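Undergrad: Heads up, our numbering is the position in the sequence shown plus 11, with the first residue counted as 1. A single structure is presented below for examination.
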Amino acid sequence: MPTQILPPAGAPRVLAAAQLSNSLGDGAYYVTSALYFSRVVGLSPTQIGLALTVAWAIGSVTGVPLGALADRRGPRGTAVLLALATGASVASFLFIRSFVPFLVAACLYAVAQCGLAAARQALLAGLVPPAARTGVLAHLQSTLNAGLAVGAALGGLALHYDTQGAYLAVFALDSVSFLLCALVLLRLPAVPRSVGRGKGEPRLAVLRDRPYAVITALNAVLLLRMPLLSLAVPLWVVDRTNAPSWLVSALFVLNTLAVTAFQVRMARGVDGHRSATRAVRHSGLIMLASCVVFAFSATALPVWVTVSVLVAAAVLQVVAEMQQSAGSWQLSFDLAPAHQVGQYQGFFGSGVPVARTLGPLLLTSLLVVWGVPGWLLLGGILFGASLAMGPAVRRAERARAAGREGADHGAQLSERRRAGAR
């Protein structure tokens, strides 16, 4: 891998190796799973969509308790177990031939994936100093995209042969990749368990942290960009523009290569609340511009001009994606208590399954049905969410400061009482 992608030696590089191992399998899985479930398992598109919607909805609410488990039991061991559970759930797809077992397996897969993401973040927080976390996460994102690109190419071979054996090989590869991920994670040093809960502190404190919940909700809105390139843009290109259909694949490759090459550079300078909120705000403005350019591609233009417009829109979109990612990573760690990183990351990460659950229906309604006005409305929604992030972060900072003052005051009173008793 290029030096730009490789993180510093030590724990960050081991984390990158774990990320690379399972992203290779995931890349192949993503491009073949829909055809596997329909052609091999024999499910209808409605059954597939329903099962995946239910699965990711359940996954979105299990990230918090599994993240809390990582805090209490140690993130390394929890991450290893959840990587093994993810591999096992993928392996179970090899033997499923009806809807109900598929639904159960999909739920197990989504739960394990969401929990693994939270445990990995807690593991990173325990091994990487706070000032370096966003930079390391940028390296991991670059590694992830490189692995997905190679995995997608392997999946493309399975699509070319289009046989049951080829699809089964892809699922076996993805399952083994998570086993390899677990083995790599075992090379990391153990991170101590978090200290016990304070007196009167709830077990899942993040659920009562309203300022952090607002930030998480705004981030979930911004993550609606996730199904944009994989679902909405392909439908838009084919149904609403005169661009050739092969451009869909080209835009996906462009996005993957851009994140691989430039995510680390985009994350430089994001090292605190102000720089993070600024990055998110800029991402919203650029995303608004991207939506306007995408909408313009539906006008009567020569084919080569339409292609150029769509490429320009995709470039703006990936720049916005990289800036939003860097800013949200920084905020998610900075505003989480040090002894509860797992559950806070589990809660913050719930935006991903929420976007995967609600995004397809929302984006197809806005963009495919409404057309140009839908693009403009989507851009306005994303820009508005990015602008609201600044006030939400300032509110969360004030709440944390007030909480620290209250804790310090309580400690002083306790000390005075103990002194009086003596």
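Where is the CB? At the ideal position from N, CA and C, for every residue including glycine. Everything numeric in this text was worked out from a predicted model, so none of it was measured.
(1) Just list the beta strand (DSSP E) runs in the segment 124-182, keeping only unbroken ones of 3 residues or longer that don't cross its boundaries, in chain order.
(2) Compare the C-alpha of D37 against each of A243, A287 and V187 and name the closest.
(3) Where does V111 land, buried or exposed, given buried means 16+ other C-beta within 10 angstroms?
(4) Using DSSP with H/G/I as helix, E/B as strand and the rest coil, what is G338?
(5) Excluding sequence positions up to five away, which residues of its chain have a Cβ less than 7 Å from the Cβ of L131?
(6) From L378 to A201, what does the alpha carbon distance come to, in whole angstroms?
(7) Going by beta-carbon coordinates alone, are Q334 and M277 separated by less than 8 Å?
(8) Reducing DSSP to helix, strand and coil, say where P13 ends up.
(9) For H309, which residues in the same chain have their Cβ closer than 7 Å to its Cβ, ignoring the five residues on either side in sequence?
(10) If we count Cβ pairs, one from each stretch, closer than 8 Å, do we get three or more for the segment 188-200 versus the segment 90-102?
(11) Tell me which same chain residues have a C-beta within less than 8 Å of the C-beta of L165, skipping the five on either side of it?
(12) What separation, rounded to the nearest whole angstrom, lies between the Cα atoms of S376 and L262?
(13) Leaving out the 5 sequence neighbours to the left and right, which residues in its chain are closer than 6 Å to L114 when beta-carbon positions are compared?
(14) Can A28 and V195 be called in contact, C-beta distance under 8 Å?
(15) Exposed or buried, what is F48 when buried is set at 16 or more other beta-carbons lying within 10 Å of its beta-carbon?
(16) Which word fits R285, buried or exposed, when buried means at least 16 other C-beta atoms lie within 10 angstroms of its C-beta?
(17) Check S294 in the structure and name its three-state DSSP category.
(18) Let's test the definition: count the other Cβ atoms within 10 Å of the Cβ of F189 and tell me whether it reaches 16, buried, or not, exposed.
TA: Taking the definition as stated:
(1) Scanning the segment 124-182 from its first residue to its last, no whole beta strand (DSSP E) run of 3-plus residues comes out.
(2) The alpha carbon of D37 has as its nearest neighbour, out of A243, A287 and V187, the alpha carbon of V187.
(3) Exposed is the call here.
(4) Helix, per DSSP.
(5) Strictly speaking, residue 131 in this sequence is Arg, with Leu absent from that position. Excluding sequence neighbours, R131 sits near A90.
(6) A direct Cα-to-Cα measurement between L378 and A201 gives close to 47 Å.
(7) Taking 8 Å as the Cβ cut-off, Q334 and M277 qualify as a contacting pair.
(8) Summary for P13: the model assigns pLDDT 46, below 50, so the residue's position carries little reliability; its value from the coordinates is reported in the next sentence. Looking at P13 - three-state DSSP - the assignment turns out to be coil, as it is neither helix nor strand.
(9) Here the sequence assigns Ala to residue 309, which means His is not the residue at that position. Excluding positions up to five away in sequence, the list reads R251, T252, G382 and V383.
(10) Three or more pairs of CB atoms, one per stretch, sit closer than 8 Å, so the segment 188-200 contacts the segment 90-102.
(11) Cβ neighbours of L165 beyond the five flanking positions: L35, G38, A39, V181 and L184.
(12) Taking the straight line joining both Cα atoms gives about 22 Å.
(13) Here the set comprises A62.
(14) Yes, Cβ-Cβ distance for A28 and V195 is below 8 Å.
(15) Around the beta carbon of F48, 16 or more other beta carbons lie within 10 angstroms, which makes this residue buried.
(16) So R285 counts as exposed.
(17) Annotated three-state conformation of S294 is helix, per DSSP.
(18) Here F189 is buried. Its C-beta has 16 or more other C-beta atoms within 10 Å.
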